[in-house]
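Just below is one structure, and these are the notes that go with it.
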Amino acid sequence: MQAEDGAVEGRGRATGISVHPVLGPFSTTDEAAYRAWREAKLAAHPTDPSELLVDIADPLAPTLAELAAIEAAIARADMCLYRFAADRTDEGHARRAVSALAAACGLTRFEKHRSAGPDGLVAIEVAEDAHRSGFIPYSTRPIGWHTDGYYAYEGPERAIRAMVLHCVRPAAEGGVNALLDHEIAYIRLRDRDPALVEALMRPDAMAIPPSVEEDGSVRDWAIGPVFEVDPATGGLLMRYTARKRHIVWADDSLTRAAVTALEEICATDPLVFRLRLDAGQGVICNNVLHDRTAFGDESHSTRLLYRLRSYDRLFASPGLARTTT
Ligand SMILES: [Fe+2]
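Residue numbers (the numbering used here): 14 to 338.
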């Protein structure tokens, strides 16, 4: 069984110089901006995932009020939990519904993935076909903490900024997702020591060796930061995996301390939300940290989720109809 990517041990890795945003909440030289942003973020962030739940009567045509509620949840926690009205549960309707909802929230550019349909959706289910067999997402095995697309790095403009995970059929047992707003992870880390976030903003912080990826691409070394400011939106991007194999962290004590701290934060933070998506429910998010527990029996599993990854940040499109005033 491979990890989410079929990594190949290989050659050495490049090193780079440190680059930081000049000003703003994600600059360690702008303490005032960070403090103001941090206070507002923590004050607004929910303590229970039920605060992020939005009911959507007709996902093919979400109302402005429903979209405003989703946007408000995204503003608070970078994620929204939604629930479609339970009158339709077939797969075709679910695909169209997820696509329509994503488009209404400003997602238009999707990851190219060999297992995706023309709508960009990838079916996450136990699979034995040649493309998916051997990759953990298509098994019943647990998946550790990560952000989607961490194994690639082609600059911030090609980052996976948003992700939808929609449940068509849950597992009989297990398949629980944990979610943690990556901005909260940033705050926890910086509050421990700003040098830890500085270490993870270095352009050579995290390297993934050459590999055949889940999306079918064959990649050379993917070397980049964990945290990065999105030049397009000013938002915080995060690229992370908790896996231990086929990953090369920058070889210094600060990076090692930061990685250990992130593991502790994901394991213990009170703002980690754990939930099991039911049929017709999903999460739409700015690619927050998440994991998955194991589920059911490999030979009998009928669990089906659809996943959509986008290069767009939610509600950031200038052409999007405003849902708030
Ligand atoms: Fe994921």
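Yeah, the Cβ is synthetic: ideal placement off N, Cα and C, and Gly gets one too.
Computed from a prediction, not measured in an experiment: that's the story for all the values here.
Check: residue i C-beta below 6 Å from any heavy atom of ligand 1
{"i": "Asp161", "result": "yes"}
Contact set for residue i: own chain, Cβ-Cβ below 7 Å, skip 5 residues either direction
{"i": "Gly187", "result": "Thr306, Ala307, Phe308, Gly309"}
{"i": "Ala292", "result": "Thr102, Cys180, Val181, Arg182, Pro183"}
{"i": "Asp325", "result": "Gly119, Leu120, Thr121, Arg122, Arg174, Ala175"}
{"i": "Ala43", "result": "The sequence shown places Asp at residue 43, rather than the Ala named in the question. Once the five neighbours on either side are set aside, the close Cβ partners of Asp43 are Leu36, Gly37."}
Spatial distance of residue i from residue j (CA atoms)
{"i": "Pro131", "j": "Glu196", "result": "32 Å"}
{"i": "Asn300", "j": "Thr246", "result": "14 Å"}
{"i": "Asp194", "j": "Ala90", "result": "6 Å"}
{"i": "Glu277", "j": "Ala255", "result": "11 Å"}
{"i": "Thr60", "j": "Val210", "result": "24 Å"}
{"i": "Glu52", "j": "Val139", "result": "43 Å"}
{"i": "Phe240", "j": "Leu321", "result": "22 Å"}
{"i": "Asp264", "j": "Thr160", "result": "22 Å"}
{"i": "Val261", "j": "Ala218", "result": "8 Å"}
{"i": "Ala329", "j": "Arg171", "result": "15 Å"}
{"i": "Ser40", "j": "His303", "result": "25 Å"}
{"i": "Pro75", "j": "Leu114", "result": "7 Å"}
{"i": "Leu73", "j": "Leu134", "result": "16 Å"}
{"i": "Ala227", "j": "Ile149", "result": "Reading off the sequence shown, one finds Glu at residue 227, where the question assumed Ala. So the two alpha carbons sit approximately 9 Å from each other."}
{"i": "Pro169", "j": "Ser266", "result": "26 Å"}
{"i": "Glu155", "j": "Gly162", "result": "Sequence inspection shows Pro at residue 155; the Glu mentioned does not correspond to that position. So the alpha carbons of these two residues sit roughly 17 Å apart."}
{"i": "Ile137", "j": "Asp206", "result": "38 Å"}
{"i": "Ala143", "j": "Val225", "result": "13 Å"}
{"i": "Arg289", "j": "Leu178", "result": "12 Å"}
{"i": "Leu65", "j": "Met92", "result": "7 Å"}
{"i": "Arg316", "j": "Ala46", "result": "44 Å"}
{"i": "Leu275", "j": "Leu202", "result": "7 Å"}
{"i": "Ala165", "j": "Val231", "result": "10 Å"}
{"i": "Asn190", "j": "Gly147", "result": "21 Å"}
{"i": "Gln294", "j": "Ala110", "result": "11 Å"}
{"i": "Ala49", "j": "Asp243", "result": "19 Å"}
{"i": "Ala220", "j": "Leu250", "result": "16 Å"}
{"i": "Cys298", "j": "Cys279", "result": "17 Å"}
{"i": "Gly105", "j": "Arg269", "result": "46 Å"}
{"i": "Val296", "j": "Tyr95", "result": "6 Å"}
{"i": "Pro62", "j": "Leu327", "result": "19 Å"}
Cβ-based burial, residue i [other Cβ within 10 Å; buried from 16]
{"i": "Gly119", "result": "buried"}
{"i": "Lys257", "result": "exposed"}
{"i": "Lys54", "result": "buried"}
{"i": "Ala20", "result": "In this predicted model, Ala20 has a pLDDT of only 35, less than 50, meaning its place in the structure is not dependable; the value taken from the coordinates is given anyway. Flag for Ala20 reads buried."}
{"i": "Asp18", "result": "Residue placement at Asp18 is poorly supported in this model, since its pLDDT is 39, which falls under 50; the coordinates are not used for a value here."}
{"i": "Ala129", "result": "buried"}
{"i": "Glu79", "result": "buried"}
{"i": "Ser112", "result": "buried"}
Cβ shell of residue i (< 8 Å), same chain only, five flanking positions each side left out
{"i": "Asp71", "result": "Ala98"}
{"i": "His58", "result": "Arg89, Ala90, Asp194, Ile197, Leu284"}
6 Å Cβ shell around residue i - same chain, five flanking residues per side excluded
{"i": "Ala208", "result": "Leu267"}
{"i": "Ala271", "result": "Leu209, Ala212, Leu213"}
{"i": "Ala86", "result": "Leu65, Cys93"}
{"i": "His126", "result": "Val135, Asp228"}
{"i": "Thr338", "result": "Residue placement at Thr338 is poorly supported in this model, since its pLDDT is 47, which falls under 50; the coordinates still yield a value, given next. If we look at Thr338 and ignore the five residues flanking it on each side, it has no Cβ neighbours."}
{"i": "Trp158", "result": "Ala255, Cys279, Leu302, Asp304"}
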